[in-house]
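Everything on this sheet refers to the single structure shown next.
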Amino acid sequence: MDFEAIIKNLKQKVYHPIYLLQGEEPYFIDQVSNYIEKNVLPEAEKGFNQTIFYGKDTETRTIAEASLRYPMMSEKQVIIVKEAQSLKKIEDLTPYAEHPLASTILVLNYKYKNLDARTKLYKAIKSKGVVLSTKKLYESQIPAWIGSYLKRHEYTITPQASQILTDSLGNELGKIANELNKLVIAVKDTKQITPEHIEKNIGLSKDFNLFELQDALGSRNVFKANQIINYFGSNPQQHPIQMTIATLFSYFSKIFAYHFLKDKSEQGAARTMGGHPFYIRKIIAAAKKYNPTKLYEIIGLLREYDLKSKGMGVSTLTDTAELQKEMIYKILH
Numbered sequence: 001m002d003f004e005a006i007i008k009n010l011k012q013k014v015y016h017p018i019y020l021l022q023g024e025e026p027y028f029i030d031q032v033s034n035y036i037e038k039n040v041l042p043e044a045e046k047g048f049n050q051t052i053f054y055g056k057d058t059e060t061r062t063i064a065e066a067s068l069r070y071p072m073m074s075e076k077q078v079i080i081v082k083e084a085q086s087l088k089k090i091e092d093l094t095p096y097a098e099h100p101l102a103s104t105i106l107v108l109n110y111k112y113k114n115l116d117a118r119t120k121l122y123k124a125i126k127s128k129g130v131v132l133s134t135k136k137l138y139e140s141q142i143p144a145w146i147g148s149y150l151k152r153h154e155y156t157i158t159p160q161a162s163q164i165l166t167d168s169l170g171n172e173l174g175k176i177a178n179e180l181n182k183l184v185i186a187v188k189d190t191k192q193i194t195p196e197h198i199e200k201n202i203g204l205s206k207d208f209n210l211f212e213l214q215d216a217l218g219s220r221n222v223f224k225a226n227q228i229i230n231y232f233g234s235n236p237q238q239h240p241i242q243m244t245i246a247t248l249f250s251y252f253s254k255i256f257a258y259h260f261l262k263d264k265s266e267q268g269a270a271r272t273m274g275g276h277p278f279y280i281r282k283i284i285a286a287a288k289k290y291n292p293t294k295l296y297e298i299i300g301l302l303r304e305y306d307l308k309s310k311g312m313g314v315s316t317l318t319d320t321a322e323l324q325k326e327m328i329y330k331i332l333h
């Protein structure tokens, strides 16, 4: 069952005896677990009928025994196991999972990995309860996720603003959601979030950010690229070279890949590469400025400066701001 379906069922009070929430993306796991923790039982019933265990501090037998208890003056009891991936002998839950109590809701938060689908425990949970398997979103999927998140709050966002957030925050959904929540609270004069709102409320410059750097490099605007990289150099904590390199590596890799697409139309590129049409148009325009040979050279440069940023092949006194300037010069010339 996917995340949206689970949340929809929970809101409709459709409950299952066991939830296995697993995988690489903790945001979805936390959202389901927190909803159950906050909403299934009334406050007055939580004292007797809601228990939270931590996997690293709890024996599996203790969880099984607690799950077999009947609720006190309530239809349900809720048992939430955080850090379930740290449980020793988690397979000892198999007998309970094969015959769970209908009055118990057992939630296993199994983060950053997946339970082996071949085990009896996994098969029992899938048969009797719900399994949510989560994966990290690719950066190309983040703008769409931001759009759908804000839509639930009855807001929209411009493509530029969405890309600024993506380039600055990466694919950490929890971090992105926190910043979006700040924006939703702060923005009252409109229902559309713009780069100006992001600059004012989050502190990410609408003119000097990774998205604008990509844009300047993509159009080979030497003056603008140097302006931005000088700004980065004066704010090294907010704009570390490693983040710049990672973002540019992804950007130039996409331009390189575009050159080898069979269908180079905007629609074809969007289908193959993913991303907002606004961003795909930027990739197509940049591909006209950089041929595959130059792009291959740039990707090599980025690998070289990644090593240099980690102290390999340079003096320990080398300033990362100077490394960024040097790197951008070589990309453009």
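The UniProt record's numbering applies: residue 1 is where the sequence shown begins, and numbers increase by one.
Quick reminder that beta carbons are idealized off the backbone N, C-alpha and C, glycines included.
Fair warning: this is a prediction, and the values are worked out from it, not measured in the lab.
Taking the alpha-carbon positions, what's the Lys287 to Gln50 distance? One point to set straight first is that residue 287 is Ala, not Lys, in the sequence displayed. Approximately 57 angstroms, taken between the alpha carbons.
Grab me the residues of Gln85's own chain with a C-beta within less than 7 angstroms of its C-beta, minus the 5 sequence neighbours each way, in chain order. Beyond the five residues adjoining it in sequence on each side, Gln85 comes within less than 7 angstroms, by CB distance, of Gly55, Tyr110, Lys111, Tyr112 and Lys113 in the same chain, given in chain order.
Output the residue ranges of the beta strand (DSSP E) runs that lie fully inside the segment 52 to 138 and measure 3 residues or longer, sorted by chain position. Taking only runs of at least 3 residues, the beta strand (DSSP E) segments lying wholly in the segment 52 to 138 are 77 to 82, 104 to 111 and 130 to 134.
Quick one: give me the first and last residue of the beta strand (DSSP E) that Gln22 is part of. If you look at Gln22, you'll find it in the beta strand (DSSP E) that goes Ile18 to Gly23.
Return yes when the Cβ of Leu20 is within less than 9 angstroms of the Cβ of Lys126, no when it is not. Taking 9 angstroms as the cut-off, the beta carbon of Lys126 is found closer than this to the beta carbon of Leu20.
When we look at the beta-carbon of residue 335 and count the other beta-carbons within 10 Å, is it buried (16 or more) or exposed? The chain is shown from 1 up to 333; residue 335 falls before or after that span and cannot be answered.
Three-way DSSP call (helix, strand, coil) for Gln227 in this model: Helix at Gln227.
Limits of the alpha helix (DSSP H) - the one that Pro26 falls within: Taken as a continuous stretch (DSSP letters only), the alpha helix (DSSP H) holding Pro26 covers Pro26 to Asn39.
By Cβ distance, which residues of its chain are closer than 8 angstroms to Glu196, with the 5 residues on each side in sequence left out? Taken in chain order, the residues that qualify are Lys206.
Could you pull out every residue in the same chain whose Cβ sits closer than 7 angstroms to the Cβ of Met327, ignoring the five residues on either side in sequence? Closer than 7 angstroms at Cβ, skipping near neighbours: Leu301 and Tyr305.
Are there three or more Cβ pairs, one per stretch, closer than 8 angstroms when the segment 212 to 228 is compared with the segment 176 to 191? Segments in contact, no.
Check the DSSP bridge columns for Gln192 and list the partner residues they point to. Partner(s): Thr156.
How big is the Cα-Cα spacing for Val14 and Ala5? Note on geometry: alpha-carbon atoms of Val14 and Ala5 lie some 11 angstroms from one another.
Check whether the segment 132 to 140 touches the segment 155 to 163, counting contact only when three or more Cβ pairs, one atom from each stretch, lie closer than 8 angstroms. As far as the Cβ criterion goes, the segment 132 to 140 does not touch the segment 155 to 163, which means the pair count is below three.
Report all residues from its chain with a CB closer than 8 angstroms to the CB of Phe3; omit the five preceding and five following residues, and keep chain order. Once the five neighbours on either side are set aside, the close Cβ partners of Phe3 are Phe28, Gln31, Val32, Leu132 and Thr134.
Cβ-based neighbour list, Gly103, same chain, cut-off 8 angstroms, excluding 5 preceding and 5 following: The sequence shown places Ser at residue 103, not Gly. Same-chain partners within the cutoff: Tyr70, Pro71, Glu75, Lys76 and Gln77.
For Gln12, which of helix, strand or coil comes out of DSSP? DSSP places Gln12 in coil when its eight states are reduced to three.
Selected residue, minimal CA-CA separation from Glu322, among Arg281, Pro236 and Phe53: It is Pro236 whose Cα lies nearest to the Cα of Glu322.
Residue range of the alpha helix (DSSP H) that includes Ile299: Per DSSP, Ile299 belongs to the alpha helix (DSSP H) from Pro292 to Ser309.
If we call anything under 9 angstroms between Cβ atoms a contact, is Phe232 one with Phe208? In contact: Phe232 and Phe208 (Cβ atoms closer than 9 angstroms).
Element boundaries [alpha helix (DSSP H), containing Glu322]: In the DSSP assignment, Glu322 falls within the unbroken alpha helix (DSSP H) covering Thr320 to Leu332.
Among Leu68, Gly23 and Met73, which has the Cα closest to the Cα of Gly47? Ranked by how close their Cα comes to the Cα of Gly47, the residues Leu68, Gly23 and Met73 have Met73 in first place.
Is the Cβ-Cβ distance between Tyr149 and Ile105 less than 9 angstroms? No; because the gap between Cβ atoms is not below 9 angstroms, this pair is not in contact.
Separation of Leu93 from Met273, as counted between CA atoms: Their Cα atoms are separated by approximately 42 angstroms.
Bridge partners for Gln267 per DSSP, in chain order? Gln267 pairs with nothing; no bridge assigned.
Cβ-Cβ distance between Thr166 and Ile146 below 9 angstroms: Taking 9 angstroms as the Cβ cut-off, Thr166 and Ile146 qualify as a contacting pair.
Gln50 by DSSP, collapsed to three states: which one? Three-state result, Gln50: strand.
Does the separation of the CB atoms of Asn171 and Glu139 fall below 9 angstroms? Yes. Within cutoff.
Exposure of His239, with buried meaning 16 or more beta-carbon neighbours within 10 Å: Residue burial is scored here from C-beta neighbours: His239 has at least 16 other C-beta atoms within 10 angstroms and is therefore classed as buried.
Assigned secondary structure, Glu172 (DSSP; H/G/I helix, E/B strand, else coil): Looking at Glu172 - three-state DSSP - the assignment turns out to be coil, as it is neither helix nor strand.
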